[in-house]
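Novice: After the structure tokens below, expect a handful of questions from me.
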Amino acid sequence: MSIDTTTAGTAGEKQAAASQTVLPAPAAATSNVKIMRAAGIALLVIGLAAPFMAGNFLIFQLTMMLIYAIAILGLNILTGINGQFSLGHGAFYAVGAYTAAILMDQFGVGYLWTLPAAGMVCFIVGFLFGLPALRLEGVYLALATFALAVVTPQLFKLSPFEHWTSGVMGIVIAKPDAPFGLPLNPDQWLYFVTLAVGLLAYVCARNLVGSRTGRALMAVRDNPIAARSMGVNTALFKSLAFGVSALYTGVAGALGAIVVQYISPDSFHFALSVALVVGLVVGGVGWLPGALFGGAFIMFVPNIAEELSKGLSGAVYGVIMILMMYAVPTGLGGLLKAALGALSKRSMNR
Amino acid sequence: MELLAQQLITGIATGGIYACMALAVVMIYQAIHHLNFAQGEMAMFSTFIAWQMLAWGVPYWLVIPLTVAISFVGGVAIERLVIRPLGDAPVLSHIVVFIGLFAILNSLAGFIWDFTIKPFPSPFGEGSQLGGLISNHQIGMIAVTMTVLVMLFAFFQYTRVGLGMRAAAENPESARLVGIRVGWMIALGWGMAAAIGSIAGILIAPIVFLEPNMMLSILLYGFAGAVLGGLTSPTGAVFGGFMVGIIENLAGTYIPVIGGELKLPIALVLIVTVLVFKPTGLFGRTVVQRV
Amino acid sequence: MSMLLEVTGLHASYGDFRVLHGLDFSVEKGGISTLLGANGAGKTTTLRALCGMIKRSGSIRFDGKDIGGKATEDIVRLGVAHVPEGRGTFTGLTTEENLQCGAMTRSSSAEIARDLEQAYHWFPRLRERRNQQAGTLSGGEQQMLAIARALMLRPRLMLLDEPSFGLAPLIVQEMFSILRKVNQEQDVAMLIVEQNAGVVLELADNAFVLETGDIVMSGTAAEIRDNETIRAAYLGY
């Protein structure tokens with residue numbers, strides 16, 4: 042089956058193995074690809090039309106959803122493709138956000154330029170964090186990144202940096218207008234900017250995964266010792282994965298800062314890192330398109346939970362997460378693969 | 005000199021709390037090889053239960069054993085109902101479930117008792133001894149944590165159930181082969197960890213004040229202590245907890261200017277440094293990884 | 020001849036991979052049977068299947084009771100002691116603690132104390148090392164410890180998985196003579212899985228030869244031992 046080139050990571054290995062025992066049937070495979078492509082195009086069309094049909098607040102929410110999706114895409118590269126955990130991606134999101142905010146607030150840099158800047162800064166930060174992380178596996182890495190997540194707000198409150206970060210008071214950013222007098226309000230414009238960045242990010246991620254580098258990353262994920270013995274420089278690839286992952290999430294953070302127009306240390310509480318992991322798992326670890334669904338989940342489900350039970354939204358959220366782990370541990374990606382697998386088997390038997 | 009003595013005492017007192025959290029985390033880690041990220045929230049919830057009982061007028065000397073008992077039952081229940089069904093699920097699934105538990109407990113606490121900060125009375129009164137060098141509460145903290153830790157040590161070393169738990173943690177398959185009901189040993193471990201956490205929560209609440217988010221940084225210090233001591237060594241975890249308490253207080257006082265602000269990041273640096281250079285901690289044992 | 024352990028049509032699998040294809044074998048009350056075969060024949064799998072450690076189907080009757088659906092801990096509590104491949108000692112516990120673990124399911128502390136003494140009597144080297152961490156014992160000592168620990172259960176049936184593995188011939192002789200004594204004095208039946216056919220055929224009453232999940236030959240130990248063709252074809256000597 043050739044729906045995607047990635048096998049799901051830890052969670053979906055069994056499923057992938059099971060599906061690989063079925064002989065590849067070209068006819069069924071292309072029909073699956075066709076279904077996925079059709080779905081993708083439909084989504085894109087909806088995505089392009091949405092800002093003209095929705096009110097400003099909903100546009101804002103959709104933009105945040107896309108931003109989270111980009112952040113989760115970054116996390117997926119690290120965890121799904123390269124097998125390294127991170128409970129601390131909120132830190133990279135924060136670095137990206139602060140990079141953008143400081144550049145705009147203190148140096149008057151144009152908002153679009155802050156995106157690659159945030160990306161570069163986060164790549165370096167991520168790569169540097171990846172170096173000590175080289176020695177850490179599984180639960181140890183989870184613990185180290187957990188510590189990073191908890192400490193992140195505090196790091197941005199530190200007084201030596203207050204000159205730039207404005208400490209607890211945070212930084213306010215002006216909302217950019219649409220350029221060239223386009224008939225779009227700022228919310229719509231930012232939505233399209235985010236959509237463009239998101240599509241670019243997704244295409245780059247797909248290419249990365251399909252490339253030799255991507256295969257090396259996956260080899261390191263699946264069997265690091267064997268990979269090393271075959272000449273793959275695991276250290277380099279693992280740090281690179283951290284760097285690239287941080288880059289994505291940092292760009293998302295920068296976008297987030299611009300869209301929300303205000304950041305402060307407490308915007309980047311532990312809960313953000315948690316949300317990113319949840320979004321990753323819900324979408325499907327190792328399934329890149331899942332990032333969009335993950336983003337939608339963490340954007341909208343807390344609101345739904347709030348409707349169901351005001352004040353207990355966190356509890357409802359938690360219950361949903363736990364139930365998902367029992368029922369659909371491979372996330373939406375796994376569900377879709379299973380469904381399409383069942384469909385193609387049925388079409389083969391006809 | 006007096007400042008140093010005061011900080012050392014504070015360090016040992018809070019270190020005892022971190023030691024308890026570290027021990028709880030290590031006990032569960034030894035049983036199921038996963039880190040319970042919700043350990044802090046469980047302790048926080050227990051502390052709220054204690055607060056509620058106090059508010060209802062239950063005398064303090066009754067509240068503590070009641071809270072411990074309720075927490076024990078709660079821990080066992082969580083293990084049986086939430087964790088056990090996961091079975092051999094991958095690490096990430098476990099992490100998500102722990103986070104889910106975290107969210108549920110945090111949200112429930114906020115819903116039932118709201119997010120305002122509440123003062124929590126100390127069972128040891130407000131006074132101090134030795135001319136203000138050490139408060140009654142600090143004496144109590146050190147005394148209680150020491151007692152708990154000694155009792156636990158005796159339990160594991162000298163009782164049958166303790167031996168069974170150690171065996172089950174070390175080699176579950178062999179434990180089954182001598183008839184030990186490993187599943188129940190794990191549940192027992194969870195109950196005990198929850199009970200220890202509740203004591204830690206009750207002891208620290210008078211200092212940090214009671215609110216649903218109070219245990220997050222304490223849990224982090226507990227993790228730091230566990231890592232420092234070695235995730236495979238309960239005694240190491242206890243030692244690590246005390247060390248972290250002392251380091252945190254001394255660094256906060258004596259590193260100029262930003263000392264106080266750096267307390268939490270120190271935990272991060274400690275965790276990463278130990279994990280990178282000596283992942284088994286000071287007292288843990290190395291595990292060989294096969295291809 | 021009453022059978023303590025009677026196995027009919029035993030199938031076992033690891034996941035979807037079938038390893039045992041319907042085995043029939045038995046152990047008499049107080050008797051010693053041995054399961055022989057080369058590496059990969061499925062000997063260890065058979066013992067694990069008996070103890071409920073892997074997915075199995077078929078009829079397994081212990082002392083007349085069907086144990087095919089029971090959990091490992093319950094089978095053990097019925098009187099089956101399994102000394103696993105690799106010994107399974109609790110390396111972090113002391114020698115004496117290991118032995119105490121063996122008595123975990125028993126209640127009379129006086130009897131346990133007596134059995135502890137008996138264990139040290141059979142294996143004097145363990146007494147010397149009683150407070151030492153079990154992981155620091157030599158291979159032979161750990162094997163003795165594993166057997167002694169199994170005996171602390173006061174089992175009716177002992178399952179031993181390649182007890183001679185990695186041990187010097189002299190130690191192997193010593194160990195098997197102790198096993199013979201235990202069998203005779205305590206009436207403990209045994210099912211011994213071995214690659215080292217020569218040694219165990221001196222001890223056993225009955226033998227079953229296993230090859231890739233099927234029993235290809237069975238008979239008394241004497242029959243198998245004296246049959247040159249079988250020895251050459253299946254046992255390599």
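Chains as they are written, first to last, in the numbering used here: chain A, 42 to 391; chain B, 5 to 295; chain C, 20 to 256.
Heads up, the beta-carbon is just placed ideally off N, CA and C, and yes, glycines get one too.
(1) Rounded to the nearest angstrom, how far is the Cβ of C/Gly87 from that of C/Asp224, given a contact under 8 angstroms?
(2) From the DSSP output, read off the bridge partner residues of C/Leu54.
(3) To the nearest angstrom, report how far apart B/Gln161 and C/Met177 are at their CA atoms.
(4) For a cutoff of 8 angstroms on Cβ pairs, would you count B/Ser237 as touching chain A?
(5) Can you name the residues of chain B whose CB is closer than 7 angstroms to the CB of C/Thr65?
(6) Would A/Arg262 count as contacting chain B if we go by Cβ distances under 8 angstroms?
(7) Answer with yes or no whether the minimum CB distance from B/Glu83 to chain C is below 8 angstroms.
(8) In terms of alpha-carbon separation, which member of C/Met123, C/Leu156 and C/Glu242 lies closest to B/Thr163?
(9) A/Ile304 to B/Gly187, Cα distance in whole Å?
(10) So what's B/Ala321 in DSSP terms, helix, strand or just coil?
(11) Kindly indicate which residue of B/Glu252, B/Val86 and B/Leu224 has the alpha-carbon position closest to the one of B/Val29.
(12) Show which residues of chain B have a CB atom less than 8 angstroms away from the CB atom of A/Val209.
(13) Mind pulling the beta strand (DSSP E) runs of 3 or more residues that sit fully within the stretch 172-205 of chain B?
(14) Tell me whether the beta-carbon of B/Asn253 lies closer than 8 angstroms to the beta-carbon of B/Thr14.
(15) Looking at A/Val250 and A/Leu329, is the spacing between their C-beta atoms short of 8 angstroms?
(16) Could you tell me whether the Cβ of B/Arg88 comes closer than 8 angstroms to any Cβ of chain C?
(17) Just to confirm, is the Cβ distance from B/Glu45 to B/Trp194 under 8 angstroms?
(18) Express the C-alpha separation of C/Pro103 and B/Arg180 in angstroms, rounding to a whole number.
(19) Considering C/Phe44, what are the terminal residues of the beta strand (DSSP E) in which it resides?
(20) Only counting the same chain, and skipping five residues up and downstream in sequence, which positions put a Cβ closer than 6 angstroms to that of B/Val242?
(21) Using beta carbons (cut-off 8 angstroms, strictly below), is C/Arg96 in contact with chain B?
(22) For the stretch 78-116 of chain C, which segments carrying the beta strand (DSSP E) assignment without a break, of at least 3 residues, lie completely within its bounds, in sequence order?
(23) Chain A beta carbons: is any one of them nearer than 8 angstroms to that of B/Ser139?
(24) So that I know if they touch, is there some Cβ in chain B lying closer than 8 angstroms to that of C/Thr91?
(25) In the stretch 89-155 of chain A, which residue ranges form an unbroken alpha helix (DSSP H) of at least 4 residues, counting only runs that do not cross its ends?
(26) C/Phe227 and C/Phe109: beta carbons closer than 8 angstroms?
(27) So is C/Leu123 in contact with chain B if we call contact Cβ pairs under 8 angstroms?
(28) Using 8 angstroms as the threshold, is the C-beta distance between A/Asn117 and A/Val261 below it?
(29) Between the Cα of B/Pro269 and those of A/Phe126, A/Leu236 and A/Ala188, spot the shortest distance and give me the residue it belongs to.
(30) Relative to chain C, which residues along the stretch 167-192 of chain B have a C-beta separation below 8 angstroms, given in chain order?
(31) Rounded C-beta distance between C/Asn202 and C/Arg168? I'm assuming under 8 angstroms.
(32) Relative to the alpha-carbon of C/Gly185, which residue among C/Ser128, C/Met236, C/Glu213 and C/Leu145 has its alpha-carbon at the smallest distance?
(33) Anything in chain B within Cβ reach of A/Leu353, meaning under 8 angstroms, just list it in chain order.
(34) Thinking just about the alpha-carbon of each residue, which of C/Met194, C/Leu220, C/Glu247 and C/Ile211 is nearest to the one in C/Ala241?
(35) For B/Ala59, list the residues DSSP reports as bridge partners.
(36) Taking 8 angstroms as the CB-CB cut-off, is A/Gln147 touching chain B?
Specialist: So, from the data block:
(1) Along the third sequence, read from residue 1 onward, the residue named residue 87 of chain C stands at position 68. Along the third sequence, read from residue 1 onward, the residue named residue 224 of chain C stands at position 205. Contact annotation, C/Gly87 with C/Asp224: C-beta distance approximately 24 angstroms; criterion of less than 8 angstroms not satisfied.
(2) Sequence index remark: in the third sequence, residue 54 of chain C carries index 35 (1-based). As a beta-bridge residue in DSSP terms, C/Leu54 pairs with C/Val212 and C/Phe227.
(3) As a working mapping, residue 161 of chain B is identified with position 157 in the second sequence. As a working mapping, residue 177 of chain C is identified with position 158 in the third sequence. Going by the C-alpha atoms only, they are around 29 angstroms apart.
(4) Numbered from 1 along the second sequence, position 233 holds the residue referred to as residue 237 of chain B. No, its Cβ sits nowhere closer than 8 angstroms to a Cβ of chain A.
(5) In the third sequence, the residue the question calls residue 65 of chain C occupies position 46. Correct list: empty, because the minimum Cβ distance to chain B is about 15 angstroms.
(6) Sequence index remark: in the first sequence, residue 262 of chain A carries index 221 (1-based). Not an interface residue.
(7) Translated into positions along the second sequence, residue 83 of chain B becomes position 79. Under the 8 angstroms criterion on CB atoms, B/Glu83 is classed as non-interfacial with respect to chain C.
(8) Indexing the second sequence from 1 puts residue 163 of chain B at position 159. Cα-wise, what sits closest to B/Thr163 is C/Met123.
(9) In the first sequence, counting from the first residue as 1, residue 304 of chain A sits at position 263. In the second sequence, counting from the first residue as 1, residue 187 of chain B sits at position 183. Answer to the nearest angstrom: the Cα atoms are 47 angstroms apart.
(10) The structure shown does not extend to residue 321 of chain B, since chain B spans only 5 to 295, so no value can be given for it.
(11) Working through the second sequence from its first residue, we reach residue 29 of chain B at position 25. Taking only the C-alpha atoms, the option nearest B/Val29 is B/Leu224.
(12) Locating residue 209 of chain A in the first sequence gives position 168, where the first residue counts as 1. Near A/Val209 there are no residues of chain B at all, since even the closest Cβ is about 11 angstroms away, more than 8 angstroms.
(13) Segments of the beta strand (DSSP E) lying fully in the stretch 172-205 of chain B: there are none.
(14) What you label residue 253 of chain B is simply residue 249 of the second sequence in a count that begins at 1. What you label residue 14 of chain B is simply residue 10 of the second sequence in a count that begins at 1. Cβ distance < 8 angstroms, so B/Asn253 and B/Thr14 count as in contact.
(15) Stepping through the first sequence from its first residue, residue 329 of chain A is reached at position 288. Stepping through the first sequence from its first residue, residue 250 of chain A is reached at position 209. Taking 8 angstroms as the Cβ cut-off, A/Leu329 and A/Val250 qualify as a contacting pair.
(16) Residue numbering aside, residue 88 of chain B sits at position 84 when the second sequence is read from its first letter. It does not: the Cβ of B/Arg88 has no partner Cβ on chain C nearer than 8 angstroms.
(17) Locating residue 45 of chain B in the second sequence gives position 41, where the first residue counts as 1. Locating residue 194 of chain B in the second sequence gives position 190, where the first residue counts as 1. No, the pair does not count as a contact, with Cβ atoms beyond the cut-off.
(18) Here residue 180 of chain B refers to the residue found at position 176 of the second sequence. Here residue 103 of chain C refers to the residue found at position 84 of the third sequence. So the alpha carbons of these two residues sit roughly 11 angstroms apart.
(19) The residue given as residue 44 of chain C occupies position 25 in the third sequence. Segment Phe36 to Glu47, the beta strand (DSSP E) holding C/Phe44.
(20) On the second sequence, position 238 is the one that residue 242 of chain B refers to. Non-local C-beta neighbours of B/Val242 in its own chain, meaning closer than 6 angstroms and more than five positions away in sequence, comprise Ala23, Leu27 and Leu153, ordered along the chain.
(21) In the third sequence, residue 96 of chain C corresponds to position 77, counting from 1. For C/Arg96, the answer is yes, since a Cβ of chain B falls inside 8 angstroms of its Cβ.
(22) The stretch 78-116 of chain C contains these whole beta strand (DSSP E) runs: 99-102.
(23) As a position in the second sequence, residue 139 of chain B is number 135, starting the count at 1. It does not: the Cβ of B/Ser139 has no partner Cβ on chain A nearer than 8 angstroms.
(24) What you label residue 91 of chain C is simply residue 72 of the third sequence in a count that begins at 1. C/Thr91 counts as touching chain B.
(25) Correct list: 97-117 and 130-148.
(26) On the third sequence, position 208 is the one that residue 227 of chain C refers to. On the third sequence, position 90 is the one that residue 109 of chain C refers to. Taking 8 angstroms as the Cβ cut-off, C/Phe227 and C/Phe109 do not qualify as a contacting pair.
(27) As a position in the third sequence, residue 123 of chain C is number 104, starting the count at 1. The identity of residue 123 of chain C in the sequence shown is Met, whereas the question assumes Leu. Residue-level contact by beta carbon holds for C/Met123 and chain B, with a gap shorter than 8 angstroms.
(28) Along the first sequence, read from residue 1 onward, the residue named residue 117 of chain A stands at position 76. Along the first sequence, read from residue 1 onward, the residue named residue 261 of chain A stands at position 220. In this structure, A/Asn117 sits away from A/Val261, with a CB-CB distance that is not shorter than 8 angstroms.
(29) Translated into the one-based positions of the second sequence, residue 269 of chain B becomes position 265. Taking only the C-alpha atoms, the option nearest B/Pro269 is A/Ala188.
(30) Flagged, chain order: Leu167, Gly168, Arg170, Ala171, Glu174, Asn175, Glu177, Ser178, Ala179, Arg180, Leu181, Val182, Gly183, Ile184, Arg185 and Val186.
(31) Residue mapping note: residue 202 of chain C aligns to position 183 of the third sequence, counting from 1. Residue mapping note: residue 168 of chain C aligns to position 149 of the third sequence, counting from 1. Rounded, the Cβ-Cβ distance is 17 angstroms, inconsistent with contact.
(32) The sequence position of residue 185 of chain C within the third sequence is 166, counting from 1. Here the closest residue by C-alpha is C/Glu213.
(33) Numbered from its first residue, the first sequence carries residue 353 of chain A at position 312. By Cβ distance, chain B contributes Ser111, Leu112 and Phe115.
(34) Residue 241 of chain C sits at position 222 when you count from the first residue of the third sequence. Shortest Cα-Cα distance from C/Ala241 to any of C/Met194, C/Leu220, C/Glu247 and C/Ile211 involves C/Leu220.
(35) Reading the second sequence from its first residue, position 55 is the one you call residue 59 of chain B. DSSP output for B/Ala59 lists no bridge partner at all.
(36) As a position in the first sequence, residue 147 of chain A is number 106, starting the count at 1. With 8 angstroms as the cut-off, A/Gln147 does not count as an interface residue toward chain B.
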